[in-house]
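Step one of this worksheet: look at the structure below.
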Ligand SMILES: Cc1cc2nc3c(=O)[nH]c(=O)nc-3n(C[C@H](O)[C@H](O)[C@H](O)COP(=O)(O)OP(=O)(O)OC[C@H]3O[C@@H](n4cnc5c(N)ncnc54)[C@H](O)[C@@H]3O)c2cc1C
Ligand SMILES: Cc1cc2nc3c(=O)[nH]c(=O)nc-3n(C[C@H](O)[C@H](O)[C@H](O)COP(=O)(O)OP(=O)(O)OC[C@H]3O[C@@H](n4cnc5c(N)ncnc54)[C@H](O)[C@@H]3O)c2cc1C
Ligand SMILES: Cc1cc2nc3c(=O)[nH]c(=O)nc-3n(C[C@H](O)[C@H](O)[C@H](O)COP(=O)(O)O)c2cc1C
Ligand SMILES: Cc1cc2nc3c(=O)[nH]c(=O)nc-3n(C[C@H](O)[C@H](O)[C@H](O)COP(=O)(O)O)c2cc1C
Ligand code: FES
Ligand code: FES
């Protein structure tokens, strides 16, 4: 991957066609055919999504703005690209997207943001995912050779997302699948196994634990973060997160950040 | 029918289940099972309708308010009643309702307003409908014995709604079906046939022509009118129409008015 | 139980003035309306000294997540209201608030005095969202003008006086403070935001009244900010409204410092909205101490 | 072609200040952004004399048919803007409008003078939606305050001055008239409506800046009324904005008397919104003479 892993997006919202929407435990895997988009988004980049029909009028008359989603997988399709998104329904926007059926229109802008950089030379890539943060690790794992993937989930239902990976280390809060520990404990053990680069995505507490652990051990880490977004391309200044050198817009300077830039990932 | 043909509505919005939605030329005939509503609405009464899901977020982020619809037919169903509405899609609200599928939720309040009164004693009932104004005449024709029904439409596609009536007099603007005259011309001819009571529903120009013709000939007439409504039960004062004795709220004092109360139906 | 200016209410949910006509609703719904009446206190539509026909139609326009109305305060006038409406409103199972508007301070005084005499009336709401025809100032937009109006009418009745504030002001909290100083017992807000719509074909004003008032969920964020600012400034109870459509919305207004909330436009979508919102509110659990 | 204060524009569609960062957008979209640039003139985000970090997050809240923002005017400050942003903005294929805000009249004077010297800049927009720290009055809410600000800066530049009005005023048309009298070449409106949101769990203010500004379709009816009132009152061109999301909306604002329109929040939903709205507008056909 290049120094700034960013594939440029067409400068307008376009309409893709939903080609699949399957349940995956607590999540949904939604596939769309994006005729007019680039076939080579970079792992960690995201798209702003909205349903073409019926975007609004749900709880509190929302949603209104598009929603940000990391792409989970991309496959060249003639023409364009087939994109897959892993989605957790937690509010009006994700609930609407979770209802999309094959043939429906999916409005999108992207790919956006800066993805994961290549691991440091001569280090093993350790991919750490928590919950829905698993999504961007899927395409990332495909690009790296023999990465070690460590995943943590709330429950067995959520852990079904792990099936998308060949042979991940697995932890669940309730121990229903894999070990009953936090995924960071799996990471601590792996870090004993020699030089590594950590590439992580998940909820803020997990990312902060990963950041602290890597900082302590001097392990290079990249964190794919989240913040509330309105536009996704630097227009609204709404998505800032604090870094050692001030606020940065996560949508144009992230969402993947070198852990060293952060005092905290919370 | 009583002196004020009004069946009372339950004092809340309730949810009915769509059981049918078929195309009828330029219109759609939507059937819903209203478990908790009265089985005996009066012809000319109306319901305020909204889709339970996806009411909003269409053109101009609308619809937001419910929409008023005369019921076209009602059949007792255990429990409650099966209601049919004849619908013309002209904007975001009617477009959304036109998309409803069997099983979908239909939010409704009703029956509302005052329906058609009984024809004057010893007169023939002449029912005159224009376009979507045909809807309330369907249940009205069922209640009267051997009424004469006269219908006018823009085109043959619209005229397909006439199939719902046993043997109506028919006129279309383009003459594609029935005679190429205005329905009021059919009315003028029928009025030669002895004492009658005219019961009409249709666009303002048609209603005004009917009003003027009946006033001239001293024929009693009742007109089912339309106006923009927000609530349908007298709360907003938004639906007023001018009468000889000032503005009246069409939703509680109408929608069916004695023609004599109006200076003009425009 | 909620207490508003010394009056016990079974709960905190009122209707916004002019958004529910209990007399007309009884014609549509019958006495079942009274059995489970949607509000804990009922606020009448605003009355004026003289009868008014209201504005010519069209009076309504639907907006994104809201609407514009240009109704123009149609009402039977003071005498007509006292003679024919008040007796029917007195049959409602909840305390009655009568909303009044005067185009001069004398008119306001007449309204407060005459309405205040009637024991069917528990509270009086002063709708000050209109220009004072003498000074040209919108009473509710100007603290001094509002203060003078209150000083004039305060001595005329023992009944609690609620001042209904207009949101079309630079600093509604300053107006509320002036009302409190001049003897108001409570304030209610927001009234509608000034708005307009054009005819889709002609581009000329759609509404018969040219401009109108915007209401519904689209104004909620503006209302919540004003309620919060007013509640921080005054010690008297605040009745919060503006786009409330759910128990969650009501909870927000109470958290912002309101003592009661009022449901307006949502009544048009569901005549039982007040009751539904009250039960959603109690399900949502306790409201944190004012922010 | 559209003419704005003597400057030829290829069309009437601008962006609302602070709703499109052409420099950041070029990073996301590359130079294809310039090939079909969405606006006919580009308005910069508001700059201040000193650099600003902006407000702490969260800065956004979604509302029914709109949003609240509490961004807090982050910017590199006058010198940073002139040194690093202006050269990049000068590469855009359309005329440049620079938006400035001063917390005192002296600051405003400094900004107008320094920005006015740069020939890359065609017009200057004065964002007066902030309190004057000396008088405590929100400049744009008070006609006299706005007049004094204009009198101070008018002599300092030949460039056309646009005054961006705030909607949080009793009578924006009076402010516009004062600006015109004091030498403004155009007015633009509306800026955001003051609003607030609470945290769904804690009931405490959601936004890091406590309150914020409401924008999007939910404010359109309010904006249209203010644009109509201002256009009736002043002779200088009016740039209308507030919830414009389609050619039909743009048509309404032009019919209400605006010379140009600006797209704000809709840019967030579609980076090409400006271009889309321009073509929808031309398809919609001629705009009737101002209402
Ligand atoms: C770069 C990036 C990548 C992402 N990738 C994925 C992904 O691959 N899969 C996935 O499922 N999710 C992903 N997300 C998260 C996803 O964008 C959010 O879950 C989604 O926006 C939620 O929208 P909603 O309407 O369903 O929920 P909302 O109602 O918007 O609630 C989401 C959160 O926002 C807050 N909130 C509540 N109400 C409001 C309001 N009115 N306005 C503003 N905030 C509010 C609350 O904290 C709530 O928890 C990603 C986010 C980012 C920034
Ligand atoms: C008593 C009664 C009975 C009715 N019965 C039937 C029936 O049986 N079948 C049927 O098909 N229709 C019936 N109607 C008409 C039906 O209610 C309307 O067609 C419907 O409300 C249109 O909604 P819409 O969103 O589809 O269109 P809208 O976009 O609401 O447009 C409808 C009309 O309203 C105006 N308009 C446009 N935009 C707006 C806006 N933003 N706000 C306000 N007005 C606007 C225009 O004049 C437009 O022609 C009845 C109406 C009444 C009052
Ligand atoms: C159709 C309509 C009529 C109204 N009439 C009055 C009125 O007569 N007096 C008054 O004080 N407020 C009146 N209001 C304002 C409401 O009481 C309320 O303050 C406002 O609508 C905001 O609340 P909402 O968004 O919940 O509707 C009216 C509002 C509407 C929509
Ligand atoms: C995120 C955001 C940031 C804004 N920043 C500015 C600004 O810096 N200066 C300014 O004059 N207006 C600013 N505005 C106001 C817009 O320019 C515009 O006046 C307002 O949003 C109404 O238009 P809209 O509804 O189309 O967004 C901002 C608006 C938003 C939503
Ligand atoms: S989401 Fe708008 S600037 Fe990042
Ligand atoms: S529709 Fe509200 S009063 Fe008739």
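Chains as they are written, first to last, in our numbering: chain Z, 14 to 279; chain H, 14 to 279; chain F, 376 to 666; chain E, 376 to 666.
C-beta: ideal position from N, C-alpha, C; glycine also.
Exercise. Roughly how many whole angstroms lie between the Cα atoms of residue 750(F) and residue 546(E)?
Worked result: The first residue shown for chain F is 376 and the last is 666, placing residue 750(F) beyond what the model contains.
Exercise. Just the Cα atoms here: how many angstroms apart are residue 395(E) and residue 249(Z)?
Worked result: 7 Å
Problem set entry | DSSP-derived helix/strand/coil call for residue 569(F) | strand
Problem set entry | Own chain partners of residue 81(Z) with C-beta closer than 7 Å, once the 5 adjacent residues on each side are dropped | 59, 61, 242 and 245
For this session: Grab the span of the alpha helix (DSSP H) containing residue 227(H) for me, first residue to last.
Result: 217-230
Exercise. With DSSP run on the structure shown, which of helix, strand or coil describes residue 654(E)?
Worked result: helix
For this session: Run the CB neighbour count on residue 15(H), radius 10 Å, all protein chains shown included, and call it buried at 16 or more, exposed below.
Result: Caution is warranted here: a pLDDT of 44 is assigned to residue 15(H), below 50, making its placement in the model unreliable, and no coordinate value can be reported.
Problem set entry | residue 437(F) - DSSP class collapsed to helix/strand/coil | strand
Exercise. What's the gap between the Cα of residue 105(H) and the Cα of residue 75(H)?
Worked result: 6 Å
Exercise. Can you tell me the Cα-Cα spacing of residue 637(E) and residue 178(H), whole angstroms?
Worked result: 53 Å
Exercise. At what residues does the alpha helix (DSSP H) containing residue 586(F) begin and finish?
Worked result: No alpha helix (DSSP H) holds residue 586(F); the beta strand (DSSP E) holding it covers 586-590.
For this session: Kindly confirm or deny that the stretch 554-562 of chain F and the stretch 598-617 of chain F touch, where touching means at least three C-beta pairs closer than 8 Å.
Result: yes
Exercise. Using the beta-carbon of each residue, which ones in chain H are nearer than 7 Å to residue 69(Z)?
Worked result: 69, 70 and 74
For this session: Taking residue 81(H) as part of the beta strand (DSSP E), name the residues at either end of that continuous run.
Result: 80-83
Problem set entry | Positions along the stretch 581-611 of chain F whose CB lies within less than 7 Å of some CB in chain Z | 592
Exercise. Nearest-angstrom Cα distance between residue 424(E) and residue 499(E)?
Worked result: 15 Å
For this session: Have a look at residue 64(H) and residue 110(H) and give me their C-alpha separation to the nearest angstrom.
Result: 6 Å
For this session: Would you mind giving the Cβ-Cβ distance between residue 262(Z) and residue 247(Z), rounded to the nearest angstrom? I have them listed as a contact below 8 Å.
Result: 6 Å
For this session: May I ask you to check if the CB of residue 447(E) is nearer than 7 Å to at least one heavy atom of ligand 2?
Result: no
Exercise. Can you tell which of 125(H), 103(H) and 77(H) has its C-alpha closest to the C-alpha of residue 54(H)?
Worked result: 125(H)
For this session: Verify whether the separation of the beta carbon atoms of residue 212(Z) and residue 138(Z) is less than 8 Å.
Result: yes
Exercise. Which stretch, first to last residue, makes up the beta strand (DSSP E) that contains residue 235(H)?
Worked result: 234-237
Exercise. Between residue 279(H) and ligand 8, is the CB less than 7 Å from at least one heavy atom?
Worked result: Ligands in the displayed structure: ligand 1, ligand 2, ligand 3, ligand 4, ligand 5 and ligand 6; ligand 8 is not one of them.
Exercise. With contact counted as at least three CB pairs below 8 Å, one residue from each stretch, are the stretch 417-431 of chain F and the stretch 450-469 of chain F in contact?
Worked result: yes
Exercise. What residues match up with residue 260(H) in a beta bridge as DSSP calls it?
Worked result: 255(H)
Exercise. Which of the residues in the stretch 567-580 of chain F, read from start to end, lie with their CB under 7 Å from any CB of chain E?
Worked result: 568, 569, 570, 571, 572, 573, 577, 578, 579 and 580
Problem set entry | Three CB pairs or more closer than 8 Å across the stretch 537-555 of chain F and the stretch 255-271 of chain H | no
Exercise. What is the DSSP secondary structure of residue 628(F), reduced to helix, strand or coil?
Worked result: helix
For this session: Can you tell me which of the three DSSP states residue 213(Z) falls into?
Result: strand
Exercise. So is residue 440(F) in contact with chain Z if we call contact Cβ pairs under 8 Å?
Worked result: yes
Exercise. According to the neighbour-count rule (16 or more other Cβ atoms, all chains shown, within 10 Å of its Cβ), is residue 376(E) buried or exposed?
Worked result: Result: exposed.
Exercise. Would DSSP call residue 107(Z) helix, strand or coil?
Worked result: Residue 107(Z): helix per DSSP, three-state reduction.
Problem set entry | C-beta neighbour in chain Z for residue 521(E), strict 8 Å | no
Exercise. Considering only residues of the same chain and omitting the five flanking positions on each side of residue 429(F), which have a CB-CB separation below 6 Å?
Worked result: 446, 447 and 449
Exercise. In the DSSP assignment, what residue or residues form a beta bridge with residue 137(Z)?
Worked result: 209(Z)
Exercise. Among 228(H), 118(H), 206(H) and 181(H), which residue has its Cα nearest to the Cα of residue 32(H)?
Worked result: 118(H)
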